[in-house]
C-alpha cells in the first residue's frame with residue numbers, strides 16, 4: 001500500500017517557534033487554512049481510499065478539505081500525534097529547540113533508548129506510531145493509497161526509521177506545513193521511501209519564510225531560527 005504522510009497546515013505556534021505538542025493543540029492560521037484548502041487539488045491525481053488524522057485539532061482541520069472533496073469521513077487515529085516535547089513543552093528558546101532537535105536526530109541515528117527531556121524515548125514513539133500505521137494498513141488492501149495527516153517531527157522520524165534512511169541524511173530532513181512523505185510497502189514487508197516533498201504540496205506560494213517552524217526544520221536549522229525570547 002501507499003501511505004501519504006502529510007503534515008498539518010501552519011499554526012500560530014509554528015509562526016512563533018514554540019514546541020506545542022500537547023493535546024488538543026492550536027488551530028490553523030489563515031495561511032494554514034489556505035494550505036489545507038490546496039491539498040485536494042494537489043492530490044487530485046491520487047486514488048485515495050481513506051483519510052486519517054491524528055487526535056490533535058490541527059491535523060483534522062487540515063484533513064477536512066480533502067475529506068469533503070472525496071465525500072469521505074476523516075477518521076481520527078490515536079497514535080499519529082506529534083512527538084511530545086515533555087519538559088520542553090511550549091518553550092521557544094534556542095536551548096529547548098536544540099535539545100528537542102538533538103533528541104530527534106539521535107533517534108534517527110538509532111539511539112532509540114534516549115529519552116526526550118521528561119518525555120518519551122524513541123522506542124516509545126516508534127511503538128505507538130507504528131501501531132497506528134498497522135491499524136490503518138489492516139483496514140486497507142495492499143494496492144490502496146491512504147492519506148494520513150500527522151506532524152512534522154513525527155513524520156520525519158517515522159519516515160526515516162521505517163525506510164531505513166541513513167542517519168546523517170535523516171538529520172537533514174525538513175518538512176514544511178503540508179509537506180509530504182510517501183511510503184510504499186507494508187508493516188510486514190517494510191516501507192520504501194517513494195517521495196519526500198519538503199515544500200507545501202499546494203505549491204511554494206504557500207510557504208512562509210518568516211515563520212520559526214521548529215518541528216518541521218532540520219535540527220540545525222531549527223536551533224538557528226528559534227525565537228530567542
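In the working numbering, the protein residues as written are 1 to 229.
Cβ coordinates follow ideal geometry from the N, Cα and C atoms, glycine included.
Exercise. In the structure shown, what three-state DSSP assignment does residue 123 receive?
Worked result: helix
For this session: Check the C-beta distance from residue 3 over to residue 161 and give it rounded, since I have them as a contact under 8 Å.
Result: About 14 Å separates the two Cβ atoms, so there is no contact after all.
Problem set entry | Spatial distance of residue 116 from residue 100 (CA atoms) | 7 Å
Problem set entry | Close beta carbons around residue 29, own chain, < 7 Å, minus the five adjacent residues each side | 10, 11, 12 and 15
Problem set entry | Contact check, residue 42 vs residue 216, beta carbons under 9 Å | no
For this session: Under 8 Å Cβ to Cβ from residue 218, same chain only, skipping five residues before and after it: list those, please.
Result: 101, 171, 172, 173 and 174
For this session: Could you have a look at residue 55 and say whether DSSP puts it in helix, strand or coil?
Result: coil
Exercise. Considering only the beta carbon of each residue, do residue 97 and residue 19 sit closer than 9 Å?
Worked result: yes
Exercise. Where does the unbroken alpha helix (DSSP H) through residue 97 begin, and where does it stop?
Worked result: 94-108
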